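**Student:** Have a look at this one before I ask anything.
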Amino acid sequence: MTAQGTQPVRHFLSLLDLTPDELRALIRRASELKRSLRAGEIHEPLKNQTLGMIFEKSSTRTRISFEAGITQLGGHALFLSSRDTQLGRGEPIEDSARVISRMVDCVMIRTFEHAKVELFAAHSRVPVINALTDLLHPCQLLADMQTYLEHRGDIAGKTVTWVGDGNNMCHSYINAARQFDFRLNIACPVGHEPNAAILQAAGDRCQVIRDPLDAASGADLVVTDVWASMGQEEEQRQRAVTFANYQVNDQLMAQAQPNALFMHCLPAHRGEEVTASVIDRPDSVVWDEAENRMHSQKALLEMLLRR
Ligand code: CP
Ligand code: NVA
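Per the numbering used here, the very first residue in the sequence shown carries number 150; after that it's consecutive.
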């Protein structure tokens, strides 16, 4: 039986699908799971459970972290590329959701339109996890928030600066500012602002500050992402010109707090959105951030699949 008994099915399509308390508990649990894995302890609460992983875009971290994570929890992952399934040949999302969710215990989806994951979730008997859409990338924020907690403690009341495109990562940072209660300065070029409704819903804790140096002033955490996201490859050249001033470099980091962290969801383009001098600093936390994708998603799977 793959359906979740009589409990309503919970999805994770956005950080707003969990309460602030649940999110905090989840990232603390992620650190616990990390310690327990390193201590060599076996923890297999998801034995015989299957995670279907639908990818319509490329991935290194997301695929590996979910696949390794569910294996460690005693379960199994199925990699489903749209190239090899009927999804790529136009089978309706609703039908795919009905069928796939009768056979697996959880579905993870990486795709373009956010409406697709919402439609899938609406017809799924099992939890659906958003593993990146054009609008949001909530799983990455679980890892980022865990990483901040592990290195600097509680992020509540801190100042975070987002530098670059008002994209899926930026939107998830805005949602994180609401849920984890931090201030967010967003430095983006004209025409590349985040979604107005998402920004407005966050109230005055999030503001657009055009000048990246001003935006980084006093920051406890500086974050950036590629200038052209997946699906925007044709805009890459134009974007390199538009975003030229929106680079995280030593001058920008000098505006932030002396112990400010730098994060990047990766993959990174050195010399574009970030210089090697920043991302490759000996104390760079981006590698912990990448590893924490696995620990935080294990905590998420444990929570969503609890019986
Ligand atoms: N950060 C992230 O989601 O990486 P991948 O695209 O490699 O999964
Ligand atoms: N904004 C990037 C994030 C990649 C993890 C993209 O959507 O391509």
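For each residue, glycine too, the CB sits at the ideal point set by N, CA and C.
For clarity, every value in this text was computed on a predicted model and none was experimentally measured.
#1: Skipping 5 residues on each side, what residues in its chain have a beta carbon closer than 7 Å to that of residue 177?
#2: In the structure shown, what three-state DSSP assignment does residue 329 receive?
#3: Taking 8 Å as the threshold (C-beta atoms), are residue 201 and residue 249 in contact?
#4: Alpha carbon to alpha carbon, how far is residue 358 from residue 186?
#5: Would you kindly report the start and end of the unbroken alpha helix (DSSP H) that includes residue 349?
#6: Quickly, what does DSSP pair residue 373 with across the bridge? List them, please.
#7: Is DSSP giving residue 359 helix, strand or coil here?
#8: Rounded to a whole number of angstroms, what is the C-alpha to C-alpha distance between residue 189 and residue 410?
#9: Which residues bound the beta strand (DSSP E) around residue 202?
#10: Starting from the C-beta of residue 289, find all residues in its chain whose C-beta is less than 8 Å away, skip the five residues before and the five after it, and write them out in chain order.
#11: Quick check on residue 305: does DSSP put it in helix, strand or coil?
#12: In the DSSP assignment, what are the bridge partners of residue 279?
#13: Report yes if the C-beta of residue 416 is less than 7 Å from at least one heavy atom of the ligand CP; otherwise report no.
#14: Compute every distance between the C-beta of residue 293 and the non-hydrogen atoms of the ligand NVA, then say whether any falls below 7 Å.
**Tutor:** A quick look at the data gives this:
#1: none
#2: helix
#3: yes
#4: 42 Å
#5: 345-350
#6: 312, 413
#7: coil
#8: 29 Å
#9: 199-204
#10: 281, 318, 321, 414, 442
#11: coil
#12: 258
#13: yes
#14: no
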